[in-house]
Each structure stands twice: as C-alpha cells, then as structure tokens.
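Chains L and W are the protein sequences, given in the same order.
Here the working numbering is used: the first residue of the first sequence is 96, the next is one more, and so on.
Here the working numbering is used: the first residue of the second sequence is 2, the next is one more, and so on.
Cβ atoms here follow ideal geometry from the backbone N, Cα and C, with glycine treated the same way.
Model, not experiment: these values are computed from the prediction.
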Amino acid sequence: METINNLIYGFGICLQPANLFYCFTGVFVGTLVGVLPGIGTPGALALLIPITVQIRPESAVIMLCGIMYGAMYGGSTTSILVNIPGEAASVITCVDGYVMARKGRAGPALGISAMGSFIGGTLSICGLLLFAPALSSFALRFGPPEYFSLMVFSMAILIFISGESMIKGMIMSVLGIALGTIGLDPMVGVNRFTFNLPSLMDGVGLVQAVIGLFGVSEILISLETYVKRDIYETEIKGLLPTLQDWKDSIFPIFRSTGIGFFLGTIPGIGVVLPTFLSYGLEKRISKDPSKFGKGFIAGVAAPETANNAAAGGTLVPMLSLGIPTGASSAIVLGALMIYGVQPGPLLIKEAPQVFWGLVASLYIGNIMLLILNLPLIGLWVKLLKVPYYLLSVLILIFCLIGSYSINYSADDVIIMVVFGLIGYIAKKANFELSPMVFGLVLGPMLETALRRSLVISNGSFGIFFTRPISLVFIGITIIFFLWTVLYKKPTMVVDEG
Amino acid sequence: MLGRDAKIGIFLLFISALLCYGSIRLGIGKANAPGPGFFPFLAGLIIAILSLVMIIFSAKEAPNHTQQKGLLVTGRAALVSGVLLLFGLLVEKAGFFICTFFATLIMLRANGIRKWPFLLFVSILTCVGIFIGFNLLLKVRLPLGILRFGGQ
Chain L
96 METINNLIYG FGICLQPANL FYCFTGVFVG TLVGVLPGIG TPGALALLIP
146 ITVQIRPESA VIMLCGIMYG AMYGGSTTSI LVNIPGEAAS VITCVDGYVM
196 ARKGRAGPAL GISAMGSFIG GTLSICGLLL FAPALSSFAL RFGPPEYFSL
246 MVFSMAILIF ISGESMIKGM IMSVLGIALG TIGLDPMVGV NRFTFNLPSL
296 MDGVGLVQAV IGLFGVSEIL ISLETYVKRD IYETEIKGLL PTLQDWKDSI
346 FPIFRSTGIG FFLGTIPGIG VVLPTFLSYG LEKRISKDPS KFGKGFIAGV
396 AAPETANNAA AGGTLVPMLS LGIPTGASSA IVLGALMIYG VQPGPLLIKE
446 APQVFWGLVA SLYIGNIMLL ILNLPLIGLW VKLLKVPYYL LSVLILIFCL
496 IGSYSINYSA DDVIIMVVFG LIGYIAKKAN FELSPMVFGL VLGPMLETAL
546 RRSLVISNGS FGIFFTRPIS LVFIGITIIF FLWTVLYKKP TMVVDEG
Chain W
2 MLGRDAKIGI FLLFISALLC YGSIRLGIGK ANAPGPGFFP FLAGLIIAIL
52 SLVMIIFSAK EAPNHTQQKG LLVTGRAALV SGVLLLFGLL VEKAGFFICT
102 FFATLIMLRA NGIRKWPFLL FVSILTCVGI FIGFNLLLKV RLPLGILRFG
152 GQ
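This is how it looks when you write it as structure tokens:
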C-alpha cells in the first residue's frame with residue numbers, strides 16, 4: 096500500500112508540465128543519440144549536465160535517465176536499417192534486424208523492437224519498485240569496509256567483461272582512480288596534483304572528462320576511418336508485427352526481460368552483455384536455431400527487450416546503493432552529486448521526490464518512446480541521411496560550448512580536449528574507456544571508504560576479510576580473478592582488428 | 002624492437018613513478034592514519050605492477066607492426082585537435098562568435114568541403130544557432146571577447 100501511495104506521489108511529480116517536458120526532451124534526445132552515430136549515450140549525458148544544473152534535481156534526473164533508456168530504443172533503428180548499431184547494446188540486433196530489412200520486413204523488425212523495448216522497460220520498472228527499496232534497507236547495514244569491497248567488486252566485474260584485455264581494463268580503472276585524486280583531499284583538505292590551477296582545485300570535472308573521452312575522441316577516430324552508411328532503401332510499412340511474429344517473439348521478450356533486468360542490477364555488467372546472453376539463450380533453446388541470423392524476428396525481439404530491461408535494472412544499485420553499473424549510470428550518479436543529492440541507501444528517505452519522480456517518469460517515458468518511435472521512424476531515417484562531415488563538426492562545436500558553459504572557464508575546454516586526446520590514443524591502443532570513467536567517479540568514494548576503514552581497524556587490512564558482507568564481495572572478486580587468470584589467460588591485444 | 006603495448010607500458014611506468022613521487026611528497030602517513038598521499042601512492046604502485054605485467058606479456062608476443070596503428074595524432078585528427086585547443090585558448094579573448102565561426106569553417110574544410118559559399122553559410126548559421134540556443138534560450142553567458150561593445 097505504501098508503495099502505491101509513493102508511486103502516486105511520484106506520478107504527481109512527473110506529471111507536472113515542466114517534468115513532462117524534461118521527460119520528453121530526455122527520451123527524444125536519447126532516441127536521437129541512439130540513432131545518430133558519433134557521440135554515444137555517455138557523451139550526450141555529459142553534454143546535457145551543464146544545462147540541467149539550473150533546474151530541479153528531480154527534473155534533471157528524469158531527463159538524464161530518459162536519455163539512457165531512449166538511446167536503447169534509438170540504437171535499434173540504425174542496426175535494422177543501416178546495419179550499424181547506434182549503441183553498443185544494439186550490436187546483436189544487426190544480425191537478424193538488417194536481414195529482415197533486406198527481405199522487406201523492416202517495419203515488423205522496427206515494430207517488435209519498439210514493442211519489446213516497451214515491455215522490457217515497463218516490467219523492469221516493476222522490478223525496480225520491488226528491489227530498490229528492499230536493497231536500500233539492507234544497505235543501511237553497510238559501513239566503509241562493505242562499501243569499499245562492493246566498489247572493488249563492481250570495478251572488477253566491469254573490467255572482466257569489458258574489452259579483450261583484463262590488464263588494460265585494470266590499468267584504465269586505476270588511472271581513472273588516480274585522476275580522481277586530483278583536487279582537495281577529502282579528509283584533510285590538502286591540495287593534490289593541482290599544479291596551482293584553480294580549475295583543478297575541485298578535481299577533474301567529470302563532465303569535461305566524459306565529453307572528451309566519449310564525444311571528442313569518437314569524432315577524432317572517425318576522421319581516420321571512413322564508414323559508409325548505406326541506408327537500405329525500402330518502404331517501411333506494416334510496423335505492427337503479425338500474429339506469427341508475436342508467437343515467435345512473446346516468450347523471448349519475457350525471458351529477455353528477466354535476463355536483462357537481473358544482469359542489469361549487477362554492478363559492472365551494464366546493458367551490453369545481457370543483449371548477447373539473451374540472443375544466445377534464445378538461439379540455444381530454439382527448436383530451429385538455424386533460423387537465427389537469417390532474419391528471425393525473435394533475434395530482434397530478444398536483444399532489444401534485454402537492453403531496455405537492463406537499463407531499468409542498472410538503476411537499482413545506482414539508486415539504492417549509490418553504485419553505478421556502467422559509464423552512463425556513473426555519469427548520472429556524478430550528476431546527482433553535482434545537484435547536491437547523495438545517491439545511496441538514504442536517497443529514498445531523504446530525496447523521495449527524486450526517487451519516486453524518476454520511477455513514475457520511467458513509465459511515462461516508455462509510453463512516450465512507444466508513441467515517438469513508431470510514427471517517427473521516417474524522421475529518424477531522414478536524420479540518418481545528414482552527412483557525417485556536417486554532423487561531426489556540429490557535435491564538436493556542442494562539445495566546446497557545453498564544456499565552456501559548465502563553469503564559464505576556458506580551462507574546462509582545454510581539459511576536455513586533453514581527455515579527448517587521451518580517449519583517442521586509448522581507443523587506438525585498444526584500451527576501454529568505461530573503466531576510466533568508472534574509476535573517476537568511484538575513486539573519491541573508494542578513497543574515503545578505504546581510509547575510514549583503516550582508521551576503524553587501526554591500520555589493519557584484515558577488516559575487509561573479517562566482516563561478512565565485505566568478505567562475500569571480496570571473495571567473489573578473488574574467485575573471478577583466479578578464474579580469469581587460470582582459465583582465461585590475460586591476452587594482450589596487439590593488433591586493432 | 003619493442004611492440005606498441007611495451008612502449009605504452011614503459012610510458013605508464015614513468016607516469017606511475019611520477020605519481021608515487023608526488024604522493025610521497027604529499028605524505029603517505031601510516032596505515033592507521035593514512036595521509037593525503039596514501040591513496041594516490043597505492044594507485045601509482047598498482048599502475049606500475051600492471052604496466053610491468055603488460056610489458057612482459059607484450060614481450061612474449063611477436064609484435065606485428067604491419068597491423069599496428071600509430072598512436073600519434075596525425076592528419077585531419079591533428080588539425081581538428083589543434084583547432085579545439087586554440088578555441089580553448091582564445092575563446093575568452095577573441096570571443097565566442099569569432100572562435101566558433103573559424104572553428105566550424107576550418108573543421109568543415111578539414112572534412113573535405115571545398116565550396117566557400119556553403120562553408121561560410123554553415124559557419125555563420127552555426128554561430129547564430131548556438132547563440133540563440135545557448136545564450137537566449139538557456140541563458141548561458143557566452144564570451145563576446147573583442148566584439149564586446151559599450152562595456153557589456
């Protein structure tokens with residue numbers, strides 16, 4: 096009953112005209128980002144943070160989360176029509192989606208993708224409602240050692256699943272942590288590695304760093320690699336799937352919702368892995384696996400449902416524990432801190448308008464996306480035809496103005512460009528960028544938790560092994576590490592291909 | 002001949018040494034009372050260990066130089082990076098209009114656009130669009146620089 100009352104309260108917040116506008120803006124921009132290659136969700140989120148600083152925290156979070164799940168919808172459009180995923184979470188959709196488009200069934204592919212996304216997204220909100228408050232109550236038992244172990248665990252998961260080299264992932268996350276130490280020491284207030292630059296006193300700005308890493312570097316790389324975008328010219332008709340399409344898709348949709356949501360709740364997993372797992376599962380349990388890869392509608396429904404369900408799942412640890420699950424949620428988490436809202440177990444109690452407003456907005460946003468996506472597919476296709484040379488320049492100009500407008504400081508622009516170059520070199524050397532963002536966001540929290548733990552234990556690192564919850568997280572991390580070392584030898588990727 | 006990863010590893014070793022040195026200067030403290038340099042020192046140490054592992058693994062693998070891309074920023078990427086840096090250095094003095102106009106113009110030209118009327122049209126349109134969007138609608142105060150008339 097209390098949950099229903101809270102949800103009604105949340106709808107009261109979300110249905111305010113201003114918040115409806117921000118929700119619409121978020122899902123619209125998200126879809127746009129998903130459709131258009133070149134910036135990605137983290138970069139788009141970072142670009143919009145300076146604008147959101149002027150509005151109320153609940154409105155800002157509604158808009159930022161709208162971008163997160165809106166991009167999941169948009170990514171499928173390019174996967175199906177162009178065979179180029181707008182988002183990493185839509186990579187596997189290309190396999191069957193593009194073949195369907197070539198066979199003249201682009202409409203049902205786009206339709207089932209939107210429907211699956213809607214069902215997955217909506218059901219994952221129910222999961223969020225169920226698990227987030229319970230997890231928050233449980234997390235109240237966490238002290239600094241438990242938080243430290245949980246953060247180490249989530250970083251380890253992200254490193255294990257991202258990229259081809261575990262060592263490179265680890266290096267990037269520790270480099271991110273090291274960059275996070277720049278600025279005032281959180282406990283004794285000493286300036287660290289600031290070189291007396293005023294713009295570094297508050298630390299490396301997350302927004303500038305992310306715009307550089309994900310926005311600028313992507314464009315710089317694209318200047319060297321020409322990707323031809325052939326939009327398959329076909330009349331998109333019959334967006335509503337047939338009865339047979341539904342029969343083939345409905346169970347994959349429900350199974351993928353479960354996979355997406357539960358994997359999404361595990362810190363570090365993110366939204367990409369669930370799409371591959373759900374596709375793999377459907378292929379494995381299918382009566383005729385040979386249909387997959389040849390334009391089978393379940394091959395579109397499963398990953399598209401999974402990525403939206405996972406996007407909902409990622410909000411559970413973010414809102415209830417204050418632990419991000421990937422680069423995008425790390426940025427939203429950083430944004431919450433900028434707004435003065437502390438994510439974690441006390442969020443629901445201390446900022447109910449943010450939590451319940453966001454939950455209600457997820458329902459409304461998913462409906463908006465369904466309405467937005469099906470009739471506006473023609474518009475997205477037209478946007479895909481905008482020449483990339485023009486688009487890339489406009490994105491760079493937005494990056495410049497966006498980073499300047501954070502503090503009205505030219506130093507921020509230079510910091511952004513430096514991070515752009517770091518991202519460019521890292522990508523060319525096959526280093527993943529997400530662990531660095533993760534480290535940058537979690538670094539200060541990790542440091543505070545470690546130092547407090549050591550003060551509590553009088554300098555003994557044994558505290559992480561003697562407290563049960565902490566021991567569980569550390570234990571799983573060690574098992575993961577040993578398993579990877581013993582069974583999956585870390586291989587250094589020498590070539591780009 | 003060192004492979005690309007080995008070179009990166011050596012560079013990272015250098016970075017970790019700087020980090021550790023800076024941390025020691027800040028004061029590492031003791032385990033029961035960690036100082037401001039404690040955590041960055043730990044991070045520097047881990048980077049050093051991981052870099053060494055990377056160098057060792059890289060040495061075991063025969064470097065395939067034909068498949069390795071250079072890491073230096075060259076060509077169009079270098080030109081665009083330069084434009085972005087110049088924008089940061091000049092925006093407050095020269096102003097948003099001039100910097101955005103030239104940045105758009107040069108970057109479009111770097112992208113292979115040769116028609117001057119189109120280049121000028123898009124560059125002016127970008128300046129005006131950004132000004133309306135950011136300055137008028139979002140109330141972001143963009144620097145006018147040398148175009149600041151009448152003490153504004």
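Sequence-distant residues of the same chain with beta carbon closer than 7 Å to residue i, five excluded per side
{"i": "S154(L)", "result": "A113, N114 and Y117"}
{"i": "I220(L)", "result": "G407, V454, L457 and Y458"}
{"i": "A209(L)", "result": "Y168, L465, N468 and L469"}
{"i": "D340(L)", "result": "P203, I207 and I392"}
{"i": "F357(L)", "result": "G408"}
{"i": "A60(W)", "result": "A7"}
{"i": "S415(L)", "result": "A227, L230, S231, A234 and P440"}
{"i": "M463(L)", "result": "C118, F119 and V122"}
Check whether residue i and residue j have beta carbons under 8 Å apart
{"i": "P369(L)", "j": "A401(L)", "result": "yes"}
{"i": "I510(L)", "j": "G300(L)", "result": "yes"}
{"i": "T609(L)", "j": "G359(L)", "result": "Beyond the ends of chain L as shown, which are 96 and 592, falls residue 609(L); an answer cannot be given."}
{"i": "I272(L)", "j": "A44(W)", "result": "yes"}
{"i": "I175(L)", "j": "Y193(L)", "result": "yes"}
{"i": "A184(L)", "j": "G161(L)", "result": "no"}
{"i": "I426(L)", "j": "P152(L)", "result": "no"}
{"i": "Y484(L)", "j": "N136(W)", "result": "no"}
{"i": "S373(L)", "j": "G355(L)", "result": "yes"}
{"i": "M296(L)", "j": "L279(L)", "result": "yes"}
From the options, residue whose alpha carbon lies closest to that of residue i
{"i": "S555(L)", "options": "G23(W), A7(W), A34(W) and I11(W)", "result": "A34(W)"}
{"i": "F119(L)", "options": "F309(L), A166(L) and L131(L)", "result": "A166(L)"}
{"i": "I49(W)", "options": "G113(W), G10(W) and V81(W)", "result": "First, the residue type needs correcting, since residue 49(W) is Ala and not Ile in the sequence shown. That would be G10(W), whose Cα lies nearest to the Cα of A49(W)."}
{"i": "V186(L)", "options": "V366(L), T572(L) and I569(L)", "result": "V366(L)"}
{"i": "V532(L)", "options": "L471(L), S373(L), A184(L) and M250(L)", "result": "M250(L)"}
{"i": "F132(W)", "options": "S59(W), F98(W), I107(W) and R115(W)", "result": "F98(W)"}
{"i": "I316(L)", "options": "I574(L), R547(L), K522(L) and I501(L)", "result": "K522(L)"}
{"i": "T101(W)", "options": "Y499(L), G375(L) and M265(L)", "result": "Y499(L)"}
{"i": "V476(L)", "options": "I314(L), V130(L) and M158(L)", "result": "V130(L)"}
{"i": "L106(W)", "options": "P118(W), I29(W) and L20(W)", "result": "P118(W)"}
{"i": "C494(L)", "options": "P482(L), F514(L) and V481(L)", "result": "F514(L)"}
{"i": "M108(W)", "options": "L110(L), L318(L) and I108(L)", "result": "L318(L)"}
{"i": "G76(W)", "options": "P37(W), R110(W), L19(W) and K140(W)", "result": "R110(W)"}
{"i": "V567(L)", "options": "M158(L), C189(L), E241(L) and L528(L)", "result": "E241(L)"}
Contact set for residue i: own chain, Cβ-Cβ below 6 Å, skip 5 residues either direction
{"i": "E93(W)", "result": "P144"}
{"i": "G211(L)", "result": "I348, A396, E399 and T400"}
{"i": "G134(W)", "result": "none"}
{"i": "S17(W)", "result": "G45, I48 and A49"}
{"i": "I256(L)", "result": "L368"}
{"i": "L235(L)", "result": "P440"}
{"i": "Q153(W)", "result": "Residue placement at Q153(W) is poorly supported in this model, since its pLDDT is 45, which falls under 50; the coordinates still yield a value, given next. Result list for Q153(W): empty, nothing under 6 Å."}
{"i": "V411(L)", "result": "L223, F226, A227 and T360"}
{"i": "A404(L)", "result": "G215, S219, T352, G355 and F356"}
Counted within 10 angstroms of its Cβ, other Cβ atoms place residue i as buried (16 or more) or exposed
{"i": "V129(W)", "result": "exposed"}
{"i": "G284(L)", "result": "exposed"}
{"i": "R379(L)", "result": "exposed"}
{"i": "F122(W)", "result": "exposed"}
{"i": "K263(L)", "result": "buried"}
{"i": "E64(L)", "result": "Only positions 96 to 592 of chain L appear in this structure, which leaves residue 64(L) out of reach."}
{"i": "T127(W)", "result": "buried"}
{"i": "R562(L)", "result": "buried"}
{"i": "S548(L)", "result": "buried"}
{"i": "R197(L)", "result": "exposed"}
{"i": "I574(L)", "result": "exposed"}
{"i": "W578(L)", "result": "exposed"}
{"i": "Q149(L)", "result": "exposed"}
{"i": "P362(L)", "result": "buried"}
8 Å CB neighbourhood of residue i in its chain, flanking five on each side removed
{"i": "S268(L)", "result": "M250, L253, I254, P530, M531, F533 and G534"}
{"i": "I569(L)", "result": "S244, V247, F248, F559 and F560"}
Cross-chain neighbours of residue i in chain A, by beta carbon under 7 Å
{"i": "R287(L)", "result": "Absent from the structure: chain A. Protein chains present are L and W."}
### the region 382 to 392 of chain L / the region 426 to 442 of chain L touching (three or more Cβ pairs under 8 Å)
The region 382 to 392 of chain L vs the region 426 to 442 of chain L: no contact.
### Query
Are the region 101 to 111 of chain L and the region 142 to 150 of chain L in contact at 8 Å, needing three or more beta carbon pairs?
A contact between stretches requires three or more CB pairs, one per stretch, nearer than 8 Å, and the region 101 to 111 of chain L fails this requirement with the region 142 to 150 of chain L.
#### Entry: Touching by the beta-carbon criterion (3+ pairs, under 8 Å), the region 506 to 521 of chain L and the region 291 to 308 of chain L
Output reads yes: the region 291 to 308 of chain L touches the region 506 to 521 of chain L.
### Query
Counting pairs of Cβ atoms below 8 Å between the region 480 to 498 of chain L and the region 300 to 319 of chain L, do you hit three or more?
Using a Cβ-Cβ distance cut-off of 8 Å, the region 480 to 498 of chain L and the region 300 to 319 of chain L are in contact, since at least three pairs of beta carbons, one from each stretch, lie closer than that value.
### Query
Any contact of the region 536 to 544 of chain L with the region 221 to 237 of chain L, i.e. 3+ C-beta pairs under 8 Å?
The region 536 to 544 of chain L is not in contact with the region 221 to 237 of chain L.
### Query
How do the region 11 to 24 of chain W and the region 51 to 62 of chain W stand: do at least 3 beta-carbon pairs fall below 8 Å, yes or no?
Touching, yes, given that three or more Cβ pairs across the two stretches are closer than 8 Å.
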